[in-house]
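Top line first, the protein sequences correspond to chains X and L. Residues 1 to 195 (my numbering) make up the first sequence, in order. Residues 1 to 281 (my numbering) make up the second sequence, in order. Built from N, CA and C at the ideal position, the CB exists for glycine as well. Working notes, beginning with the structure itself.
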Amino acid sequence: MNTLDTNAGKTEASWMHRLSVPFALFSGAFLLLLVLSWFFLLPLLTRVNIAGEKRDFDELSSLSQSLKASIATLEEERDERVLHERSPAYEKLLSEKKAEKNLWEVREWIVEAGRTLGTAQNPVVYIQSLSLEGNSLTLIGVIRSVGPRSMTVLGQFTEELKRIPAFKEISTPRFERKETENGDFYSPFNFKISL
Amino acid sequence: MNLRHSPVAFMVGSVTCLICASFLLLLHARKIRDVSEEALPMAAELPVLEGREKFLKEQIEVAELHAQLRNGSDSERISAFVLPKELDIDRGLALFDILRAHLQRMDALRSLSSVEFEDSIAGEDGITAHPFSLEMVVTEEGAKKALGLFSLAGYLTVADALTQEEIDSLMKRSDQENPAGITSLERFLGTDLLRYVLEPKLFEEGLLGAYTSAGFADALQRITRGPSLTQAKEVLGLGLAQVLEQEKLWPLPFIKTSNIETKQDGVWYTISLKGAFYTAD
């Protein structure tokens, strides 16, 4: 039995001994060929001819990005020239002025938001005061002509205001229902809105 | 020398070489894929980009030449009327007088207070603000007219009344349809706003002469009938443009509003307004 084990072990060892060197030579040569291909052959085969000049992928990419950046800069410069930039002071004031919101346009948005809650004959949102300072809007008014539902309608009006794209932040109003001497219900509101 | 271990060492070394070779094969495949998917299309795009760069440089030269001719007159008008070195109170008050008369003709004015001026505020950039306040009681139409006029005060050209999105839309359309027509677009955008409001068709047709496609005509119509120019036409309409021209009040002095409050009482709106005229060194 010991003799058999020793013979099997000797066979395996001689098999590996015979194969290891050729295998090592093959894998080493294969790796070397691939390395040479990566540094010398592949760059030659992957260069593209642009107007008589050969460029590789990295050069193409760099040139393309540089041209796109140059085009973006030139387009900006062209637009400025076409728009006749005038004195810096004037352009500064003009851009500040254009950033301001037109109060009447803002008012129209609010009226439109209120219109969805009532009818043309019976508007329920009554704007008492609207003031605009910079980008801060103060809206004061009442919800009326809806009976005891005035607080619910005020909640709906708040949601409608939040849907106006130009309104960044809207303060939550105090929800209260009051009664006039005639027994009519109304809910006052005071919104602080950031544009 | 221990010959038992050296075959194992060779085998380990071989496997390591094969792993590195597989990795390099993968890099080869990626490189070849990059060339076919990205480098070839990039190569096709480069001549187009180079052509566009060259064309833009030519457009800039032409626009520079035109700008030298136009900027001179615009700059003079700005420094004389819009943003002068010293506050021209007469000109400012004349504007309010014309507004009062116009609103009265419209039956849109109940009252207009006197204009109260406050102390000037000098800025660091050579711009000085001259604050004022006033109060008026007007109808809804009167409010739109008055506030609209203040929003136009200081504008000179059609481009000043347009939003950046509207201008970009026209520029993009011009590039797509007829890049050589840029001088016509430049001329349209640089048209005096009052002159445009008085004769809009004349200037629009002048521009359409350079861009004959229906697509550009539609784009231009969307802008000329859009909120910016429609508001300018409404504000300066009903004879106000003609009055401003006759009284030599155009271009208007630059005004910015800082605080506007409106209160409604039936059909009348009380508008309390704080704003400022501006001067610059």
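query: Quick one: is X/N135 near chain L, going by C-beta distance under 8 Å?
result: What you label residue 135 of chain X is simply residue 135 of the first sequence in a count that begins at 1. Output row for X/N135: interface = no.
Does any residue of chain X bring its CB to less than 8 Å from the CB of L/G177? Taking the second sequence and counting its residues from 1, one reaches residue 177 of chain L at position 177. The sequence given here places Glu at residue 177 of chain L; Gly does not occur at that position. Not closer than 8 Å to any Cβ of chain X, the Cβ of L/E177 fails to qualify, so no.
Looking at X/V153 and the ligand ZN, is the gap between the Cβ and the nearest heavy atom below 7 Å?
By its list of ligands, the structure shown contains no ligand whatsoever, and the ligand ZN lies outside what it can speak to.
Check your understanding: Whose Cβ in chain C lies nearer than 9 Å to the Cβ of X/N102?
Key -> Among the protein chains of the structure shown, namely X and L, there is no chain C.
Using the DSSP secondary-structure output, state which residues sit across from X/E179 in a beta bridge.
In the first sequence, counting from the first residue as 1, residue 179 of chain X sits at position 179. Note: X/E179 sits in a beta bridge opposite X/F185.
Q) Does DSSP put L/D265 in a helix, in a strand, or in coil? A) Position 265 of the second sequence holds residue 265 of chain L. Strand, per DSSP.
Margin query: Closer than 9 Å between beta carbons: that is the criterion. Which residues of the region 205 to 218 of chain L meet it against chain X?
Written below: none
message: Which residues does DSSP list as the beta-bridge partners of L/N259?
response: Taking the second sequence and counting its residues from 1, the one referred to as residue 259 of chain L is at position 259. Answer is X/E133 and L/K274, bridged to L/N259.
- Message: Counting C-beta neighbours from all protein chains within 10 Å, is the total for L/F10 16 or more, i.e. buried, or is it exposed?
- Response: In the second sequence, residue 10 of chain L corresponds to position 10, counting from 1. Counting Cβ neighbours within 10 Å, L/F10 comes out buried, since at least 16 surround it.
Query raised in the report: Starting from X/F40 and walking both ways along the beta strand (DSSP E), at which residues does that stretch end?
Result: Here residue 40 of chain X is taken as the residue at index 40 of the first sequence, counted from 1. No beta strand (DSSP E) contains X/F40, which DSSP labels as neither H nor E.
query: What in chain X is Cβ-close to L/M42, meaning under 9 Å?
result: Within the second sequence, the letter at position 42 stands for residue 42 of chain L. By Cβ distance, chain X contributes V48, F57, L60, S61, L63 and S64.
Item to complete: Can you tell me the Cβ-Cβ gap for X/T158 and X/P173, rounded? I've got them flagged as a contact below 8 Å.
Response: Mapped onto the first sequence, residue 158 of chain X falls at position 158. Mapped onto the first sequence, residue 173 of chain X falls at position 173. Sure, about 7 Å apart at Cβ, within 8 Å.
Can you pull the chain L neighbours of X/L139, defined as C-beta to C-beta under 7 Å? On the first sequence, residue 139 of chain X is found 139 positions in, with the first residue counted as 1. Per Cβ cutoff of 7 Å: no residues; X/L139 is ~10 Å from chain L at best.
Whole-angstrom Cβ separation of X/L93 and L/G148, contact assumed at under 8 Å?
Locating residue 93 of chain X in the first sequence gives position 93, counting from the first residue. Locating residue 148 of chain L in the second sequence gives position 148, counting from the first residue. No, X/L93 and L/G148 are not in contact; Cβ-Cβ is about 18 Å, not under 8 Å.
Contacts that X/M16 makes with chain L (C-beta to C-beta distance below 9 Å)
Position 16 of the first sequence, counted from the start, is the residue given in the question as residue 16 of chain X. Chain L residues near X/M16: P7, V8, F10 and M11.
Taking the C-alpha atoms as reference points, what is the distance between X/R18 and X/A24? The sequence position of residue 18 of chain X within the first sequence is 18, counting from 1. The sequence position of residue 24 of chain X within the first sequence is 24, counting from 1. Rounded to whole angstroms, X/R18 to X/A24 spans 11 Å at the Cα level.
- prompt: Are X/I140 and X/Q128 touching if we call contact CB-CB under 8 Å?
  reply: On the first sequence, residue 140 of chain X is found 140 positions in, with the first residue counted as 1. On the first sequence, residue 128 of chain X is found 128 positions in, with the first residue counted as 1. For X/I140 and X/Q128, yes; Cβs fall inside 8 Å.
**Q.** Close Cβ partners of X/T119 (< 7 Å) along its chain, the five nearest in sequence each way excluded
**A.** Translated into the one-based positions of the first sequence, residue 119 of chain X becomes position 119. Excluding positions up to five away in sequence, the list is empty.
Mind pulling the alpha helix (DSSP H) runs of 4 or more residues that sit fully within the region 145 to 225 of chain L? 158 to 161, 164 to 177, 182 to 189, 193 to 198, 200 to 208 and 214 to 224
How should L/V12 be labelled, buried or exposed, when 16 other C-beta atoms within 10 angstroms of its C-beta is the threshold for buried? For the purposes of this step, residue 12 of chain L is taken as residue 12 along the second sequence, with counting starting at 1. Exposed, by the Cβ-count rule.
- Task: Report the residue from L/M171, L/E50, L/A63 and L/E64 whose alpha carbon sits nearest the alpha carbon of X/S66.
- Result: Counting from one through the first sequence, the residue named residue 66 of chain X turns up at place 66. Of the candidates L/M171, L/E50, L/A63 and L/E64, the one whose C-alpha sits nearest the C-alpha of X/S66 is L/E50.
(request) Look at the Cβ atom of L/P251, then the Cβ atom of L/L170, and state whether they are nearer than 8 Å. (result) Reading the second sequence from its first residue, position 251 is the one you call residue 251 of chain L. Reading the second sequence from its first residue, position 170 is the one you call residue 170 of chain L. No, the Cβ-Cβ distance between L/P251 and L/L170 is not below 8 Å.
- the region 222 to 236 of chain L touching the region 69 to 88 of chain X, judged by at least three CB pairs closer than 8 Å: no
Checklist entry - Looking only at C-alpha atoms, which of X/L103, X/T116 and X/G155 sits nearest to L/N259? => result Counting from one through the second sequence, the residue named residue 259 of chain L turns up at place 259. It is X/L103.
Specify the secondary structure class of X/L60 as computed by DSSP and reduced to three states. Start at 1 with the first residue of the first sequence, and residue 60 of chain X comes out as number 60. Reduced to three states, the DSSP call for X/L60 is helix.
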